[in-house]
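Q:
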Amino acid sequence: MIQTGIFNQAHLSDLKTALAVYARRHQVVADNIANVQTSGYRSQEYRFEELLAGASRRLAGSRTHAAHLPLGSRELADTEGEIRAVATDYDNGVNNVDIDRQMTSLATNDLSYRLATRLLGMKYNLLRGAITGRSLR
Numbered sequence: 398m399i400q401t402g403i404f405n406q407a408h409l410s411d412l413k414t415a416l417a418v419y420a421r422r423h424q425v426v427a428d429n430i431a432n433v434q435t436s437g438y439r440s441q442e443y444r445f446e447e448l449l450a451g452a453s454r455r456l457a458g459s460r461t462h463a464a465h466l467p468l469g470s471r472e473l474a475d476t477e478g479e480i481r482a483v484a485t486d487y488d489n490g491v492n493n494v495d496i497d498r499q500m501t502s503l504a505t506n507d508l509s510y511r512l513a514t515r516l517l518g519m520k521y522n523l524l525r526g527a528i529t530g531r532s533l534r
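Numbering follows our numbering, in which position 98 of the sequence shown is assigned residue number 495; successive positions increment by one, without gaps.
1) Do you know whose CA, among A513, S410, A482, lies nearest G437's CA?
2) Between L409, N522, V418, which lies nearest to D507 when the distance is taken from Cα to Cα?
3) Taking D428 as the reference, give the member of D411, I480, F445 with the closest Cα.
4) Are the beta-carbon atoms belonging to T514 and L416 less than 8 Å from one another?
5) Who are the near neighbours of Q441 in its chain, counting only those whose CB is closer than 8 Å to its CB and skipping five residues on each side?
6) Leaving out the 5 sequence neighbours to the left and right, which residues in its chain are closer than 8 Å to Q499 when beta-carbon positions are compared?
7) So what does Q441 bridge to, in DSSP terms?
8) Where do the N-terminal and C-terminal ends of the alpha helix (DSSP H) with N506 fall, by residue?
9) Return the CA-CA distance between R512 and M519, expressed in angstroms with no decimal places.
10) Are the CB atoms of L524 and L412 nearer to each other than 8 Å?
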């Protein structure tokens with residue numbers, strides 16, 4: 398079976414994971430924006446990249462049985478993000494939501510999501526072209 402080039406499924410699953418991360422981050426930022434005037438609300442963030450970087454620095458253990466728990470470093474698909482409260486001194490008079498920071502995060506996340514969807518679409522177009530036998534220009 399072909400394991401390289403356009404048939405490399407790892408890239409497809411990585412892009413799908415990226416889309417899921419961006420969608421979850423969008424939800425968290427949207428919640429922050431929606432609660433900008435909610436008294437006592439604490440701003441949150443979705444952490445993923447930091448957790449993935451920390452997991453990849455550890456040595457991986459060997460699994461001798463499928464029922465054993467993984468030990469050490471994790472793959473991209475095995476890493477899950479977490480929502481946590483933002484520790485900040487910012488105070489808008491009602492809570493700690495910095496609307497400018499949230500709008501910047503929303504715009505950045507939107508661009509990342511659009512890029513990932515475009516890349517995923519290009520991958521599927523390449524596969525479609527290979528299957529139907531037509532060349533893409």
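For every residue, glycine included, the Cβ atom is placed at its ideal position computed from N, Cα and C.
A: With the given structure in hand:
1) Closest by alpha carbon: A482.
2) Here the closest residue by C-alpha is V418.
3) When C-alpha distances from D428 are compared across D411, I480, F445, the shortest belongs to I480.
4) Closer than 8 Å, so yes.
5) Residues of the same chain with a CB within less than 8 Å of the CB of Q441, apart from the 5 flanking positions on each side, are V425, D428, N429, I480, R481, A482, V483 in chain order.
6) Within its own chain, the residues whose Cβ lies closer than 8 Å to the Cβ of Q499, once the five positions on either side in sequence are excluded, are V426, N429, I430, V433, S440, listed in chain order.
7) Per DSSP, A482.
8) Membership of N506 in the alpha helix (DSSP H) is indicated by the continuous run 496 to 529.
9) Here residue 512 turns out to be Leu, not Arg, going by the sequence shown. Spanning the two alpha carbons is a distance of roughly 11 Å.
10) Their beta carbons are not under 8 Å apart, which means L524 does not touch L412 by this criterion.
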